[in-house]
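Below you'll find the structure, written out as structure tokens, and then a few comments.
In the UniProt record's numbering, the protein residues as written are 1 to 198.
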């Protein structure tokens, strides 16, 4: 993997995002077929903890903005294009960051496909022990990818700041001494020249 060029790794990351989006769509397809009010309204995976419940969500978490699905579709599309452009910029050179962005892109494309072709997002993962919205695999990918990306960016920023501090300190410490040394050298040369003139 290290021998691959940066562009090749980014293209592979894009392919990986498409695979994740396809996997998300496949799971949603199976949920729509087998888990619905007409068939099985709920499937217990871990009793009292996790169940599969089919819900069509035209909005986002807690059904926010459900009255404006078209705007959500456009906004999601714009964010995916922006993320794709960012992925192929010169700033993104770390293989770890590329993996994190792949998660976000894969999850975002999965939900975008729902909004484009269904008009709403298929949610199915229900945490029974807490009052939390029903979500899906794509949501997990986006949330995990965004958190890891932010952590990486903060670590990169702090590391860059830490590397710059010694340079500033060194320049501030050596600056005056260098100036004093040059002045002393000039005085010595001046006195030597006067002695020669005498």
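Note that the Cβ used here is the ideal one computed from N, Cα and C, for glycine as well. None of these values were measured; they are calculated from a predicted model.
In this structure, residue 87 sits near residue 98, with a CB-CB distance shorter than 9 angstroms. Between residue 91 and residue 79, the alpha-carbon positions lie close to 18 angstroms from each other. With a contact defined as Cβ atoms closer than 8 angstroms, residue 110 and residue 145 miss out at about 12 angstroms. Among the bridge pairs identified by DSSP, residue 6 is matched with none. Its chain contains 51 and 52 as the residues whose beta carbon lies nearer than 7 angstroms to that of residue 45, once the 5 sequence neighbours on both sides are disregarded; these appear in chain order. The region 114-129 makes no contact with the region 142-161; the number of CB pairs closer than 8 angstroms stays below 3.
At the C-beta level, residue 25 and residue 35 stay beyond 9 angstroms of one another. If you look at residue 98, you'll find it in the alpha helix (DSSP H) that goes 95-117. Between the alpha carbons of residue 131 and residue 164 lies a gap of roughly 46 angstroms. If you draw a 10 Å sphere on the C-beta of residue 82, you find fewer than 16 other C-beta atoms in it, and that means exposed.
Measuring C-alpha to C-alpha distances from residue 55 to each of 96, 14, 76 and 29 identifies 29 as the nearest. Cα atoms of residue 9 and residue 95: separation of roughly 8 angstroms, rounded to the nearest angstrom. Residue range 69-87 is occupied by the alpha helix (DSSP H) that includes residue 70.
Take residue 135, set aside five residues on each side of it, and the residues of its chain with a beta-carbon closer than 7 angstroms to its own are 123 and 125, in chain order.
Secondary structure of residue 44 (DSSP, three-state): strand. Burial of residue 58 is indicated by the presence of at least 16 other C-beta atoms within 10 angstroms of its C-beta. For residue 131, no beta strand (DSSP E) encloses it, and the DSSP letter there is neither H nor E.
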